[in-house]
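Trainee: Residue numbers (numbering that gives the first Met the number 0): 0 to 431.
Don't be surprised by glycine CBs; every beta carbon is placed ideally from N, CA and C.
None of the values given here were measured: they were computed from a predicted structure.
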Amino acid sequence: MGLANTPGSTRSASRKSQSHYYDLIVVGGGPGGVPAAIAAARNGARVLLVERYGFLGGMATTGLVNPYMSFRAGEKVIIKGLFEELLNMLAENGALLRDRQHFEAEAMKWLLDEWCLQNGVDLLLHAFATGVRMKDSVIEAVEVHHKGGREAIAADLFIDSTGDGDIAALAGAPFEIGRTEDGACQPMTTCFRMANVDTERVPSRKDVNTLYDKAKEAGEVKNPRENVLFFSSVNPAVIHFNTTRIIGKSALSAQSLTEAELIGRQQIKEMVRFLKSSVPGFENAYLMKIAPQIGIRESRRISGHYALTADDLLSARKFDDAIGCGSYGIDIHNPGGTGTVIKHLQPGEWYQIPYRSLIPQKISNLLIGSRCISSTHEAHSAIRIMPIVAAIGQAAGTAAALSKQKGIFPVELNPGDLRSTLLRQKAFLSNE
Ligand SMILES: Cc1cc2nc3c(=O)[nH]c(=O)nc-3n(C[C@H](O)[C@H](O)[C@H](O)COP(=O)(O)OP(=O)(O)OC[C@H]3O[C@@H](n4cnc5c(N)ncnc54)[C@H](O)[C@@H]3O)c2cc1C
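1. Would you mind working out which of I245, D416, A106 and R272 sits nearest P334, comparing C-alpha positions?
2. Under a Cβ-count criterion, where at least 16 other Cβ atoms within 10 Å of its own Cβ denotes burial, should Y350 be classed as buried or exposed?
3. Taking 7 Å as the line, does the beta carbon of V49 fall inside it for any heavy atom of ligand 1?
4. For the alpha helix (DSSP H) containing F273, name the first residue and the last one.
5. When every heavy atom of ligand 1 is checked, does at least one fall within less than 7 Å of the C-beta of V131?
6. Please say whether G368 and G32 have beta carbons closer to each other than 8 Å?
7. Buried or exposed: G182, going by 16 or more other Cβ atoms within 10 Å of its Cβ?
8. Would you list, in sequence order, the uninterrupted alpha helix (DSSP H) runs of no fewer than 4 residues that lie entirely inside the stretch 189 to 235?
9. Taking the DSSP output, what are the residues bridged to H343?
10. Using CA atoms only, rank isn't needed, just tell me which of N42, I78, A44 and M287 is closest to I387.
11. Less than 7 Å between C-beta atoms, sequence neighbours within five positions excluded: which residues of the same chain meet that for G338?
12. Answer with buried or exposed for H199, where buried requires no fewer than 16 other C-beta atoms within 10 angstroms of its C-beta.
13. If I follow the unbroken alpha helix (DSSP H) through K108, where does it start and stop?
14. Using three-state DSSP, classify Q404 as helix, strand or coil.
15. Quick check: the Cα distance between F82 and K248, rounded to an integer number of angstroms?
16. Do you know how far the Cα of S276 is from the Cα of S432?
17. Classify P34 as helix, strand or coil using the three-state DSSP reduction.
18. Quick check: the Cα distance between M68 and V233, rounded to an integer number of angstroms?
19. From S252, S356 and A259, pick the residue whose C-alpha is nearest to that of G303; which is it?
20. Which runs of the beta strand (DSSP E), 3 residues or longer, sit entirely within the stretch 68 to 100?
21. Quick one: does the C-beta of C324 sit closer than 7 Å to a heavy atom of ligand 1?
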């Protein structure tokens, strides 16, 4: 069965205040959602991108997550397409370090605005998607809440780029949460930055960690994380910290998120005190920025037509319906407290992500363009990094636009057609 005589099949629920009718609505403007929207628009779809905050970027801006984790296997660049285009734009605007991994999150905000608008993507910011209107297995409209109240916006196709899989869950798609034994998810982290650091005098990571261990032994730091995770930044004299660790909280409960935000800021208070009092180079530093929202590593994983496993990744498995590649290994911050499990691929190797993992079970006109594709808890810990999510987003957007062109549901799309379009549009899909 294809899309019901599109366009127009769900127009009755379309936005009263707006003359446009959308082929596709992408919900969530993060590392997955922006490429999804742009890819779809470039392939001829009329696209609306809905975002709950007043700016785009997802974890890259709201969570202050930095830098981009690996998009290379050895020296070979294995994530190209729209992700590479974004890197080039950041570089041209002085917002990317020479390593092409550390970027400037504030410039990214207006760059993403421009990128979307130049490609004909309509934006709806300050709109939180909280419901869907269904007809059988088809989403007819997404309901958003904003200052004006509640509004239903119709389209033929939808992409869930919310990170948490909100749209898929609201529509009734099956999903899993956390690790198999107890459903616990990876910890949350509130990122922060210190400015006016005398970076020449900051000791090695090893020496910082020795000082950290001492502060923990003395009871000055209660953060359960085993070490201090910090990075240089695009801005001179600014150090980025991804080091708080908040365990046992749910990304799907406002009450739990409230508790998590409060704990995160207490841990930052403690860390700032420790850095300024004990670590050379930080004596005159100040807390420049706390991420606008706590960083969420893991929540729902939407069950699709194929669930990626750790074994697929670590054995560098290739798939006939591959839509993207990755080389980042297993990286599980202990859901219970101290410790991080890291497993690397063999040097120079990469795995692929099958199109089937982006297609949720039970919902006909929805694709996942986000970290919450179908995977195990272990595999999710690898594919969640921003460059891989960008490749997933580009594939989801392209698949939605091709499905629209052909008047079919995404599950009916020939993966060969999707792959040839992605290759024409500079994605990297090679298996050798
Ligand atoms: C602390 C931390 C450190 C990390 N470190 C790194 C790193 O160093 N390098 C790296 O590459 N990756 C890192 N990651 C992983 C990476 O940041 C995320 O996995 C990635 O951002 C996921 O992208 P996404 O688009 O799926 O979701 P998100 O980035 O979460 O974006 C989702 C977007 O959807 C919006 N949204 C959500 N729900 C709704 C709704 N119902 N209605 C409207 N809008 C909605 C959100 O506001 C957001 O803009 C880290 C993650 C965390 C939390």
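Mentor: With the given structure in hand:
1. Locating residue 334 in the sequence shown gives position 335, where the first residue counts as 1. That would be I245, whose Cα lies nearest to the Cα of P334.
2. Taking the first residue of the sequence shown as position 1, residue 350 is located at position 351. Buried, since its Cβ has 16 or more Cβ neighbours within 10 Å.
3. Taking the sequence shown and counting its residues from 1, the one referred to as residue 49 is at position 50. Yes, the beta carbon of V49 sits closer than 7 Å to at least one heavy atom of ligand 1.
4. Indexing the sequence shown from 1 puts residue 273 at position 274. First-last of the alpha helix (DSSP H) with F273: A253 to S277.
5. Counted from its first residue, the sequence shown places residue 131 at position 132. No - ligand 1 has no heavy atom lying nearer than 7 Å to the Cβ of V131.
6. As a first step, residue 32 is located in the sequence shown; it is residue number 33 there, counting from the start. As a first step, residue 368 is located in the sequence shown; it is residue number 369 there, counting from the start. A contact, by the Cβ cut-off of 8 Å.
7. By 1-based counting over the sequence shown, the position of residue 182 is 183. So G182 counts as exposed.
8. The qualifying runs are 204 to 216.
9. On the sequence shown, position 344 is the one that residue 343 refers to. In the DSSP output, where bridge partners are listed per residue, H343 has none listed.
10. Counting from 1 along the sequence shown, the entry for residue 387 is found at position 388. It is I78 whose Cα lies nearest to the Cα of I387.
11. Here residue 338 corresponds to residue number 339 of the sequence shown, with the count starting at 1. The residues are E225.
12. Mapped onto the sequence shown, residue 199 falls at position 200. The amino acid at residue 199 is misidentified as His; the sequence shows Glu. With fewer than 16 other Cβ atoms within 10 Å, it is exposed.
13. For the purposes of this step, residue 108 is identified with residue 109 of the sequence shown, where counting begins at 1. From DSSP, the alpha helix (DSSP H) with K108 extends over A104 to Q117.
14. On the sequence shown, residue 404 is found 405 positions in, with the first residue counted as 1. Q404 falls in the helix class under three-state DSSP.
15. Along the sequence shown, one-based indexing puts residue 82 at 83. Along the sequence shown, one-based indexing puts residue 248 at 249. Spanning the two alpha carbons is a distance of roughly 31 Å.
16. Because the chain here runs from 0 to 431, residue 432 falls outside it and cannot be looked at.
17. To locate residue 34, count along the sequence shown from 1; it is residue 35. If DSSP states are grouped into helix, strand and coil, P34 belongs with the helices.
18. As a first step, residue 68 is located in the sequence shown; it is residue number 69 there, counting from the start. As a first step, residue 233 is located in the sequence shown; it is residue number 234 there, counting from the start. The alpha-carbon atoms of M68 and V233 are separated by roughly 15 Å.
19. Indexing the sequence shown from 1 puts residue 303 at position 304. Of the candidates S252, S356 and A259, the one whose C-alpha sits nearest the C-alpha of G303 is S356.
20. none
21. Within the sequence shown, the letter at position 325 stands for residue 324. Not so, every heavy atom of ligand 1 lies at least 7 Å from the Cβ.
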